[in-house]
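Colleague: Residue numbers for the sequence shown follow UniProt numbering, beginning at 1 and rising by one.
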Amino acid sequence: MAKTTHIAIVSSPGFTHLVPITEFSKRLVKHRPNFHVTCMVPSLGPPPESSKVYLQTLPSNIQTILLPPINKQDLPQGVHPAILIQLTLTHSLPSIHEVLKSKFSEDPLTALVVDIFAFQALEFAKEFNALSYVYFPSSAMILSLLLHAPKMDEDVSGEYTDLTEPIKLPGCVPFMGVDLPDPVQNRSSELYKQFLQRAKALAAADGILINTFIEMESGAIRAMGEFGDGKIRLYPVGPITQKGSSNEADECDKCLRWLDNQPPCSVLYVSFGSGGTLSQHQINELAWGLELSCQRFLWVLRAPSNSSSSAYLEAAKEDPLQFLPSGFLERTKEKGLVVPSWAPQVWVLNHNSVGGFLTHCGWNSILESVQEGVPLITWPLFAEQKMNAVMLADGLKVALRPKLNKDGIIEKEEIAKVVKCLMDGEEGKGMRERMRSLKDSAANAVKDGYSTQTLLQLASHWDNFSGV
Ligand code: UDP
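Next comes the structure, spelled out in structure tokens:
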């Protein structure tokens, strides 16, 4: 019988961070049944029900350990969600160490794979004579930014947002400073300090696994191969996404039944991820814009908030439908469906009535749309979403990016224009074709293409590794 190869994984808190790294583990054990994965899951407050349900579906050679939750009262109040995530991981370090000690004192640990926010746990790998890896759940372009950030920090004075020339990362589409991720927008902030710490830690890992694929980001991936004289070992293993559970499909049957009654490729799906929110003013403009466009839509609506990421850590309790303009539902009932807070996204994107996706540009949403060949309208809200939007619109040309007015609002006329253009215009047609070709490349990458080969090579390396 083949010997068991032990891998330990540390995820970030939150369902959308947990899923990609766990799906990676599933793919690993599917190809290598002799692997055993111990997956440690930190959480801020009690773990969400969605995470618990999801973890119960894992195969027996993935063991999940829910780490003791960090008490919200022990962390600073009113800070950016990224700081809370980082602090949750820092506070979870003693429990991660405990688990490693109890599980791997006798059984040898081969590799420790940690989410980028858990970078501080990388140092435990040495103590257990194991290899260390970062799992990067976002694009190669964002990873490139992290790798170049320490040097940019030395070379550039003042705020990046004040730069008048576009920033050019090797192999990536140029972008303006205002499109940088939130933490990089203010260089004197705690958020920026933590971003730089994560950036510097990457160099210490034995490799970086990244949820992307070569055909989507060939320039950035190839250029990073030469970064630091080839010292960075990069493993593109994507696209790795959730499959959507059949339970979820039942629960959200209403969306799918409604889609069944729409013509092929006619519906724009509108969603801002697992926690993105709009202001009341912006909800009104979006509603009017959709109505003006005369296109069909399926809109996942959340109650308004002035902080676009507020629903990540605390979902609003009110019924979101009450925040729509008066009479909107009645006027659009032939064309649209609005569902409160959640839709079975993977199933929706897979439905042949869906012809476009207005998205906040979270990386999972982007990959899910690519896997279904659905072109996009980008509506970035926070984190690294603006850079993703630039890559999709200017680089891959599979998305349209609506313009903001001087107050940061996208007005109804602009919304109607881009929706019509994507769903019914010549430009949209070209985008749909390019997205379909990307879909084929994505399917091939995880079938027997480059991403699967990369994963298998890494697995062989782990199988043959015997510690020091
Ligand atoms: N999602 C979903 N239904 C929704 C909203 C989101 O199933 O109504 C899922 C979506 O399929 C994706 C994840 O939640 O897997 C969102 O991840 P992403 O990285 O796009 O954005 P985040 O939520 O992290 O901002």
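Think of the CB as a built atom: it goes at the ideal place given N, C-alpha and C, for glycine as much as any other residue. Being a predicted model, the structure only gives us computed values, none of them experimental.
Is residue 470 close to the ligand UDP? I mean its beta-carbon at under 6 Å from any heavy atom of the ligand.
Modeller: Since the first and last residues shown for the chain are 1 and 468, residue 470 lies out of range.
Colleague: Using a Cβ-Cβ cutoff of less than 6 Å, which residues in the same chain neighbour VAL274 once the five nearest sequence positions on both sides are dropped?
Modeller: A small fix is needed here, since residue 274 is Ser in this sequence, not Val. Cβ within range, chain order: THR16.
Colleague: Rounding to the nearest angstrom, what Cα-Cα distance links ARG222 and GLY171 in this structure?
Modeller: 7 Å
Colleague: The alpha helix (DSSP H) that contains ILE83, what's its start and end?
Modeller: 81 to 104
Colleague: Got a sec? Which residues, its chain only, sit under 7 Å from SER451 by beta carbon, not counting five neighbours each side?
Modeller: PHE213, PRO236, VAL237, GLY238, ALA445
Colleague: In whole angstroms, what is the alpha-carbon distance linking ALA8 and ALA205?
Modeller: Rounded to whole angstroms, ALA8 to ALA205 spans 15 Å at the Cα level.
Colleague: Can you round the beta-carbon distance between GLU159 and ARG187 to whole angstroms, since I take them to be within the 8 Å contact cut?
Modeller: 6 Å
Colleague: Is the beta carbon of SER274 within less than 6 Å of some heavy atom of the ligand UDP?
Modeller: yes
Colleague: Using DSSP with H/G/I as helix, E/B as strand and the rest coil, what is VAL468?
Modeller: With a pLDDT of 49 at VAL468, under the threshold of 50, the predicted position of this residue should be treated as unreliable, though the coordinate-derived value follows. Look at VAL468 here: in three-state DSSP terms it is coil, with no helix or strand label.
Colleague: With DSSP as the reference, identify every bridge partner of PHE136, one or two as the case may be.
Modeller: Its beta-bridge partners are ILE210.
Colleague: Nearest-angstrom Cα distance between CYS361 and VAL300?
Modeller: 15 Å
Colleague: Straight-line CA distance for GLY78 to ASN211?
Modeller: Distance between the alpha carbons of GLY78 and ASN211: 31 Å.
Colleague: I need the DSSP call for CYS361, collapsed to helix, strand or coil.
Modeller: Note: CYS361 maps to coil in three-state DSSP.
Colleague: Any chance the CB of GLN63 is under 6 Å from a heavy atom of the ligand FMN?
Modeller: Ligands present in the displayed structure are limited to the ligand UDP, and the ligand FMN is not among them.
Colleague: Can you tell me which residues form a DSSP beta bridge with TYR450?
Modeller: Its beta-bridge partners do not exist; DSSP assigns none.
Colleague: What first and last residue would you give for the alpha helix (DSSP H) that runs through MET387?
Modeller: 385 to 390
Colleague: For LYS403, which residues from the same chain have a beta carbon less than 8 Å from its beta carbon, with the 5 sequence-adjacent residues on both sides left out?
Modeller: Cβ contact annotation for LYS403 (same chain, cutoff 8 Å, sequence separation greater than five): ILE410, GLU414, in chain order.
Colleague: Check whether the region 323 to 331 touches the region 350 to 369, taking contact to mean three or more Cβ pairs, one atom from each stretch, closer than 8 Å.
Modeller: No: the two stretches stay apart, fewer than three of their Cβ pairs being nearer than 8 Å.
Colleague: Does the beta carbon of ASN211 fall short of 6 Å from some heavy atom of the ligand UDP?
Modeller: Not under cutoff, so the answer is no.
Colleague: Measure the alpha-carbon distance for ALA118 versus LEU298 and round it to whole angstroms.
Modeller: 36 Å
Colleague: So what's TRP299 in DSSP terms, helix, strand or just coil?
Modeller: strand
Colleague: Would you tell me roughly how many angstroms separate the C-alpha atoms of PRO325 and SER144, rounded to the nearest one?
Modeller: 42 Å
Colleague: Tell me which same chain residues have a C-beta within less than 6 Å of the C-beta of LYS335, skipping the five on either side of it?
Modeller: ARG296
Colleague: Under 8 Å: do the region 117 to 134 and the region 23 to 37 share three or more Cβ pairs, one atom per stretch?
Modeller: no
Colleague: Using a threshold of 7 Å, state whether the C-beta atoms of GLN345 and VAL19 are closer than that.
Modeller: no
Colleague: Going by DSSP in three states, SER12 sits in which element: helix, strand or coil?
Modeller: coil
Colleague: Applying the 10 Å Cβ sphere with the 16-neighbour rule, what's the burial state of LEU28?
Modeller: Buried, since its Cβ has 16 or more Cβ neighbours within 10 Å.
Colleague: Could you spell out the range, first to last residue, of the beta strand (DSSP E) harbouring ILE65?
Modeller: 62 to 66
Colleague: How is ILE70 classed by DSSP in three states: helix, strand or coil?
Modeller: In the three-state reduction of the DSSP assignment, ILE70 falls in the strand class, which pools E and B.
Colleague: Quick one: Cα of THR57 to Cα of PHE272, how far?
Modeller: 26 Å
Colleague: Determine the burial state of ARG198: buried for a count of at least 16 other Cβ atoms within 10 Å of its Cβ, exposed for fewer.
Modeller: buried
Colleague: Between which two residues does the beta strand (DSSP E) holding SER271 run?
Modeller: 267 to 271
Colleague: Just checking, does the region 55 to 75 make contact with the region 172 to 180 on the three C-beta pairs under 8 Å criterion?
Modeller: no
Colleague: Under a three-way DSSP split, which group does residue 474 fall into?
Modeller: Any question about residue 474 goes unanswered here, given that the chain covers just 1 to 468.
Colleague: Are there any heavy atoms of the ligand UDP lying less than 6 Å away from the beta-carbon of GLY395, as far as the coordinates show?
Modeller: no
Colleague: Residues in the same chain with beta-carbon distance under 8 Å from ILE377, minus the five sequence neighbours each way, listed in chain order, please.
Modeller: LEU268, GLY356, PHE357, LEU358, THR359, ALA399, LEU400, ARG401, PRO402, VAL418, VAL419, LEU422
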